[in-house]
Amino acid sequence: MVRTAPVSKKSAAAKTVPAKRLGRKSGGVIAGKSPARGSAGSKPSTPSRAAAAAASSASSPASKPRRYRPGTVALREIRRYQKSTDLLIRKLPFARLVKEVSADLSTMEYAGGQPPRWQSTAIMALQEASEAFMVHLFEDANLCAIHAKRVTIMQRDIHLARRIRGPWGGLGF
1 MVRTAPVSKK SAAAKTVPAK RLGRKSGGVI AGKSPARGSA GSKPSTPSRA AAAAASSASS
61 PASKPRRYRP GTVALREIRR YQKSTDLLIR KLPFARLVKE VSADLSTMEY AGGQPPRWQS
121 TAIMALQEAS EAFMVHLFED ANLCAIHAKR VTIMQRDIHL ARRIRGPWGG LGF
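Each residue of the sequence shown is one higher than the one before, counting from 1 in UniProt numbering.
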């Protein structure tokens with residue numbers, strides 16, 4: 001006699017009864033009602049290993065992706081970004097923004113009507129400084145939100161942090 005693995009109550013309860021046994025033609029579940037279970041007195045049948053393997057392989061592609069609880073992914077991202085030292089803003093979009101703003105601010109008589117040219121190291125230094133400024137600003141805004149007994153940063157926290165830091169943003173001028 002071949003021994004089969006015992007079926008847990010949880011997996012036996014999760015199985016659905018085929019539509020044929022329910023007496024329905026469509027096989028769908030009526031809204032708000034769960035499908036009928038087997039009789040309470042009957043012993044759950046144990047499928048063969050081949051049938052169990054086929055059922056598990058068929059259900060795995062249809063399984064939903066993992067859902068984490070609210071806040072778990074946010075805390076993981078906080079730890080990840082606190083560990084890293086690389087730049088957070090993409091380099092090319094930042095360089096395009098710098099060149100566009102400098103072209104708008106410069107006079108067109110400068111260099112024969114051409115917009116100013118930038119060295120790559122100058123753009124990198126500007127990006128480092130701007131990201132450090134933003135991180136420091138958000139740290140101060142977070143402290144303002146915590147002082148107001150809140151967890152979420154709001155626009156008024158950023159305004160208050162900038163007002164406290166002064167006209168130059170706490171750069172020491």
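Glycine included, every Cβ here is placed at the ideal spot set by N, Cα and C.
Does the region 117-135 come within contact of the region 81-95, defined as at least 3 CB pairs closer than 8 angstroms? Contact between the region 117-135 and the region 81-95 is present, with at least three C-beta pairs closer than 8 angstroms.
Distance, V73 Cα to Q155 Cα: 24 angstroms
Measure the alpha-carbon distance for D157 versus N142 and round it to whole angstroms. 7 angstroms
Short of 7 angstroms in beta carbon distance, which residues of its chain neighbour E131, apart from the five on each side in sequence? Order them along the chain. L87, L88 and I89
Which class does D86 belong to by DSSP, given the choice of helix, strand or coil? In the three-state DSSP reduction, D86 falls in the coil class, being neither helix nor strand.
Between the Cα of R163 and the Cα atoms of T152, D140, T121 and A122, which residue gives the shortest distance? D140
Just the C-alpha distance for A13 and P65, rounded to the nearest angstrom, thanks. With a pLDDT of 49 at A13, under the threshold of 50, the predicted position of this residue should be treated as unreliable, and no value is reported.
As assigned by DSSP and simplified to three states, the class of D157: helix
Buried or exposed, going by whether 16 or more other CB atoms sit within 10 Å of the CB of A145? buried
Which value, in whole angstroms, describes the spacing of the CA atoms of I78 and P167? The C-alpha of I78 lies about 29 angstroms from the C-alpha of P167.
Can you tell me which of the three DSSP states A13 falls into? Confidence at A13 is low in this model, with a pLDDT of 49, below 50, so the placement of that residue should be treated as unreliable; the coordinate-derived value is given next. Here A13 sits in helix by DSSP.
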